[in-house]
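To start, the structure under review is shown below, and the notes come after it.
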Amino acid sequence: MQVRYIALRLVEWRAAWFSDPVERLRFLRHKRRVPIRWTGRAPVIFFAVALASVSVALVRPVWRTGPASTMSQPTPRPLTSTAASQPGRIWLVESNDHFDLYSNGLRVENRFAVATKGRAYLVLPRKGLDSQPARLRFDPAGIVFHTTESHIAPFEEAQNSTLRRAGEGLLEFVNRNRSYHFVIDRFGRVFRIVQESDYANHAGHSVWADDAWVYVNLNQSFFGVAFEAKSRPDEIGLPANAAQIHAARTLTDMLRSRYNIPAGNCVAHAQVSVNPDNLRAGYHTDWAGYLPFRELGLCNNYPRPLPSILLFGFSADSLLADDSNSNLRPALEAAESELRQQAAARQMPLDQYREILQRKYREATRAVRSTGALEEINE
Amino acid sequence: MTNSIKPTASALGLDVGTSRIVAAQRLDKTTQYQTQLNAFVTLPFSKLTQGVLKKERIPHLADGSEITVYGDESERFANLFHAETRRPMLRGVLNAEESNSLRIVRDIVSLLTSDSPGQGQKLCFSVPAAPLGATEEVNAHESALKRMLCDLGYDASSISEGLAVVYGELENSNYTGVGVSCGGGLCNVCFSYLSVPVFSFSIGKAGDFIDASVANLRGEPATRIRTIKEEAFHLNGHFANKIHEALNTYYEDMIQSLVAAIRDAFASAQNMPKLSRPIPLVLSGGCVLAPGFRDRFEKILRETELPVAISEIRLGASPQHSTARGALVAALSEI
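In structure tokens, the structure reads:
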């Protein structure tokens with residue numbers, strides 16, 4: 167039944183590619199050449215069954231029979247020990263063209279809202295990465311926190327007009343570029359940019375993993391939440407103000423409540439960003455330190471070894487590794503250490519083991535892209 | 029993934045409604061509509077009258093002692109002669125009491141399609157869904173229309189009116205949702221899942237029911253009531269006069285009946301698909317044009333417990349053309 171359900175969703179997703187209504191109907195009608203069979207509460211459409219085999223083939227990773235096919239994967243580190251509790255039910259109280267109001271006080275402004283295309287992505291099973299088929303998913307799996315790195319005026323009353331002008335300009339820019347799902351401005355207002363059901367261009371080349379799944383290129387799979395802020399690597403402290411943190415807490419709670427997002431999948435952009443050209447982690451460094459996980463109702467994810475290093479053999483970007491203020495430094499060191507242990511356990515030089523993992527990354531990205539699920543890779 | 033559109037003048041969508049017939053055709057990627065009243069009026073035959081009608085190019089047919097003026101012009105002549113227009117269709121199907129009904133429908137269709145005669149052209153025409161216990165009547169109507177259209181040279185097939193609304197308005201949800209057409213004779217409903225109809229039905233309370241009920245209550249001709257309804261009535265709870273108050277009452281009755289029927293249809297559907305998200309509902313047809321209709325419908329629907337979640341309730345982009353557009357989309361998809 168699960169396969170049929172996935173196949174149906176795949177048909178829906180594929181049909182949405184046709185902008186011409188006639189072509190779309192022709193496609194859907196073509197897929198129902200065999201009459202519908204209904205069973206119980208769920209529809210079983212024969213075309214879906216036929217398509218299931220196609221979809222399974224589509225989502226099967228291409229590295230399944232690759233050179234590292236017999237290699238077992240690193241054991242995932244459980245999240246449960248540090249996971250924050252799931253927020254209670256939060257519901258939509260009022261919704262109109264101007265704003266959405268939620269029961270926890272969150273108000274989301276809709277003035278800059280824009281659509282892209284429906285979310286659809288592949289996840290790779292962490293256990294048996296090289297032997298189990300990937301899965302097609304449509305629900306958001308996590309949240310990536312960003313800073314906009316835009317012009318930041320002093321936060322003073324005398325700067326009101328500048329603050330407002332800069333904020334408006336930023337929102338227009340991110341709207342044009344479909345850059346995030348939400349932006350929190352400097353007054354703590356939450357603006358919806360890309361619709362929750364759609365992908366946004368926020369994470370680009372990126373990797374994350376939870377206990378069960380590995381996510382590659384997170385534009386489709388994770389929400390992008392940006393603070394109107396600029397990282398200050400030379401200074402210690404938060405780049406965001408109290409109003410923004412409060413707004414981010416209510417927004418995070420709402421998204422986690424509505425989409426059942428685990429705390430372990432709420433991460434900083436610096437934790438997930440990678441550079442596929444030089445195979446280094448930490449290509450983007452926003453929120454490399456001081457993302458206030460606990461104030462956001464989350465567990466502190468900074469100590470978690472980066473999946474990009476642990477699973478795909480990336481090395482720590484020199485900028486990130488040399489940044490003494492970075493909260494990621496312990497995670498980088500832990501990941502490198504674990505990688506060395508795994509190589510030793512396989513009686514393999516570290517470089518050789520790293521190369522095998524890096525090959526798996528290239529094959530994974532190729533497989534993900536081959537489905538067309540990721541059309542927009544934001545560099 | 030936007031594939032090129034095939035030459036599209038080769039297909040036609042036809043909404044054969046009780047009060048209007050609408051033809052839709054796609055030319056150069058734009059859809060064009062032609063509409064005629066599905067009505068006629070008879071005049072006593074005289075050579076003088078026939079000569080005037082010919083000179084003025086007014087569609088008519090002379091038969092024995094009568095001249096029949098049909099289509100849009102019938103209303104003008106009805107007003108001129110203080111007569112009521114007559115309908116070749118009643119409650120969504122050919123009017124059994126009018127012996128010439130099929131002939132008049134054929135002439136009106138010919139009037140609408142004079143620029144593009146048959147010659148094997150693909151044509152999809154709307155038929156009402158069966159009201160409970162009246163399937164044979166609908167089947168007879170469908171067969172008669174199909175035969176007539178094939179005689180005109182079309183490659184004709186039928187589509188349920190509610191499904192046509194879905195095809196005309198719900199492409200953004202991959203033709204998943206509820207299409208409602210509130211016309212003159214019937215309200216048609218179809219719930220479709222990925223373009224496949226799950227259930228369709230019609231109810232007999234629609235525009236003509238409102239007109240006739242108010243006319244009966246207030247002692248006015250139904251034609252006058254229809255004019256008032258279409259030109260000056262707002263479904264907003266404020267009544268300018270007794271006729272407006274009566275119109276409001278019967279609109280409310282129609283909406284209540286429609287919503288109750290939708291609820292019952294969902295509740296009794298044996299083979300409901302497992303929906304991954306709330307579904308949209310779109311309203312179309314001449315009856316929904318009364319200002320305030322959508323709001324009233326939504327209020328009543330939201331007060332009703334449905335087994336499915338409705339994401340939005342909206343009017344069709346062009347409610348009077350939704351069915352014809354959907355029929356055209358269906359016809360084009362079959363080429």
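Note that the protein sequences, when read in sequence, are chains B and A. Just so you know, we're using the numbering used here here: the first sequence kicks off at 167 and counts up by one. Just so you know, we're using the numbering used here here: the second sequence kicks off at 29 and counts up by one. We put the beta carbon where it would ideally sit given N, CA and C, even for glycine.
The beta carbon of leucine 140 of chain A sits closer than 7 Å to those of Ile49, Ala51, Gln62, Gln64, all from its chain and outside the five residues before and after it, given in chain order. In the three-state DSSP reduction, asparagine 244 of chain A falls in the helix class (H, G or I). Closer than 9 Å to the CB of tyrosine 203 of chain A there is at least one CB belonging to chain B.
Chain order gives no chain B residues near tyrosine 61 of chain A, where near means a beta carbon separation below 9 Å; the closest approach is about 16 Å.
Restricting attention to alpha helix (DSSP H) runs no shorter than 4 residues, the stretch 185-265 of chain A encloses them at 189-197, 235-246, 250-260, ordered along the chain. By the C-beta density criterion, cysteine 178 of chain A is exposed, having fewer than 16 other C-beta atoms within 10 angstroms.
Taking each of B/Leu472, B/Arg520, B/Phe478 in turn and checking the Cα distance to alanine 500 of chain B, the smallest one comes out for B/Leu472.
Remark: C-beta atoms of serine 350 of chain A and glutamate 197 of chain A approach each other more closely than 9 Å. In this structure, the beta-carbon distance from glutamine 524 of chain B to glycine 479 of chain B falls below 9 Å. Rounded to the nearest whole angstrom, the C-alpha separation of glutamate 338 of chain B and alanine 319 of chain B is 18 Å.
Relative to leucine 311 of chain A, the option among A/Gly344, A/Thr332, A/Glu333, A/Arg54 whose CA is nearest is A/Gly344. In the three-state reduction of the DSSP assignment, cysteine 432 of chain B falls in the strand class, which pools E and B. Counting along the chain, the unbroken beta strand (DSSP E) around arginine 48 of chain A starts and ends at 48-55. At a cut-off of 9 Å between beta-carbon atoms, glutamate 178 of chain B makes contact with chain A. With a cutoff of 9 Å on beta-carbon distance, leucine 42 of chain A and phenylalanine 153 of chain A are scored as near each other. At a cut-off of 9 Å between beta carbons, valine 360 of chain B makes no contact with chain A. Beta-bridge annotation (DSSP): isoleucine 309 of chain B is paired with B/Phe389, B/Cys432. Distance from the CA of glycine 463 of chain B to the CA of tryptophan 374 of chain B, rounded to the nearest whole angstrom, comes to 20 Å.
Inter-segment contact for the stretch 115-129 of chain A and the stretch 320-335 of chain A is absent: fewer than three beta-carbon pairs are separated by less than 8 Å. Neighbours of valine 50 of chain A in chain B, taken as residues whose beta carbon is under 7 Å from its own, are absent, since the nearest beta carbon is some 17 Å off.
Within 8 Å of the CB of alanine 181 of chain B, the CB atoms of chain A belong to Asn202, Leu222, in sequence order along the chain. The beta carbon of leucine 40 of chain A sits no closer than 9 Å to any beta carbon of chain B.
In the DSSP secondary-structure assignment, serine 261 of chain B is bridged to B/Asp266.
Going by beta carbons, leucine 290 of chain B and valine 382 of chain B fall inside the 9 Å limit.
Annotated three-state conformation of glutamine 62 of chain A is strand, per DSSP. Sequence-distant Cβ neighbours of phenylalanine 353 of chain B in its own chain, meaning closer than 7 Å and more than five residues away, are Ala409. A distance below 6 Å between beta-carbons, with the five flanking residues on each side excluded, links serine 316 of chain B to the following residues of its chain, in chain order: Leu336. Under the Cβ criterion of 9 Å, alanine 358 of chain A is counted among the residues facing chain B. DSSP places tyrosine 98 of chain A in the uninterrupted beta strand (DSSP E) bounded by 94-98. Restricting attention to A/Ala274, A/Asn202, A/Pro347, the CA atom closest to the CA of leucine 176 of chain B is found in A/Asn202.
Following the DSSP letters along the chain, one finds glycine 354 of chain A inside the alpha helix (DSSP H) bounded by residues 350-361.
It is roughly 54 Å from the alpha-carbon of serine 185 of chain A to the alpha-carbon of alanine 392 of chain B. Approximately 5 Å separates the beta-carbon atoms of isoleucine 187 of chain A and alanine 358 of chain A; this is inside 8 Å, confirming the contact.
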